[in-house]
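Have a look at the structure below before the remarks.
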Amino acid sequence: MLLDMIKLLLFPTVMAFAASSDLLTMTISNRISLALAAGFLLLAVASGMSLATIGWHIGAAGLVLTVAFICFARGWIGGGDAKLAAATTLWFGFKYLPEYLIYASLFGGALTLLLIQFRFLPLPAMLARQHWIARLHERGAGVPYGIALAAAALIVYPETEWMKFLGV
Numbered sequence: 002m003l004l005d006m007i008k009l010l011l012f013p014t015v016m017a018f019a020a021s022s023d024l025l026t027m028t029i030s031n032r033i034s035l036a037l038a039a040g041f042l043l044l045a046v047a048s049g050m051s052l053a054t055i056g057w058h059i060g061a062a063g064l065v066l067t068v069a070f071i072c073f074a075r076g077w078i079g080g081g082d083a084k085l086a087a088a089t090t091l092w093f094g095f096k097y098l099p100e101y102l103i104y105a106s107l108f109g110g111a112l113t114l115l116l117i118q119f120r121f122l123p124l125p126a127m128l129a130r131q132h133w134i135a136r137l138h139e140r141g142a143g144v145p146y147g148i149a150l151a152a153a154a155l156i157v158y159p160e161t162e163w164m165k166f167l168g169v
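The sequence shown lines up with residues 2 to 169 when you count with our numbering.
What follows is the structure, encoded as structure tokens:
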């Protein structure tokens, strides 16, 4: 029962925190990615996941981390986004990786287009006093891609083996 509650709440809670953190501060703390990785390992062992399966999940995360850091080195994404994508993939493995990446790409593109439009609109004084909104409004600012990564993860997560105990 406790294990099922942790499966139900841990991953979605951490992903929601990552999205809100990126929205408000334009950073994703290393602690978030570490919490996801540690949570995966603890739940994988507690759930009886085989070492081979754990290895495949780690391999998928390693692949995503490698590609994401190439993107980071080219200035396309932030380092926190790269680590969050890899830590998220750890939970999904190769089985759900394509679906996760497609959703993340679609949500990231939509978010980018929305921010471009938002940045061309005049910002009312009341909103300009909110530091995080003013930062989002800056034309040279980046995109809080952690929002897209978290949204994609929260769409894919209910389909995974982690949620089988719900009978869905």
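Virtual Cβ for every residue (Gly too), placed ideally from N, Cα, C. From a predicted model like this one, the values you see are computed outputs, not experimental measurements.
Contacting residues, own chain, Cβ-Cβ under 8 Å from Ser34 (five flanking each side not counted): Gly81, Lys84, Leu85, Ala87 and Ala88
Enclosing alpha helix (DSSP H) for Arg120 [first to last residue]: Gly80 to Phe121
Proximity below 7 Å, CB of Leu11 to CB of Gly40: yes
Length of the line joining the Cα atoms of Met50 and Glu160: 17 Å
Sub-7 Å separation of Ile29 and Ser21 beta-carbons: no
Sequence-distant residues of its chain with Cβ nearer than 6 Å to Ala154 (five each side left out): Met16 and Thr89
Beta-carbon spacing of Ala61, Leu107 below 7 Å: No. Outside cutoff.
Contact under 7 Å by Cβ, Tyr146 with Ile78: yes
Where Trp133 falls: helix, strand or coil (DSSP): helix
Boundaries (first-last residue) of the alpha helix (DSSP H) holding Val1: There is no way to answer for residue 1, as the model of the chain reaches only from 2 to 169.
Cβ shell of Thr26 (< 8 Å), same chain only, five flanking positions each side left out: Trp133
Burial state of Ala74 (16 or more Cβ within 10 Å): exposed
Ile7 Cβ short of 6 Å to the ligand ADP heavy atom set: In the structure shown, the ligand ADP is absent, as is every other ligand, since no ligand is present at all.
Spatial distance of Leu122 from His138 (CA atoms): Cα-Cα distance, rounded: 9 Å.
Nearest neighbour of Ala142, chosen from Ala45, Ala105 and Ile117 [CA to CA]: For Ala142, the nearest C-alpha among the options comes from Ile117.
Residue burial classification, Val46 (beta-carbon count within 10 angstroms, cutoff 16): exposed
Candidates Leu43, Phe18 and Leu128, of which the one nearest Ile7 by Cα: Leu43
N-terminal and C-terminal residue of the alpha helix (DSSP H) that Trp57 is part of: Leu52 to Ala74
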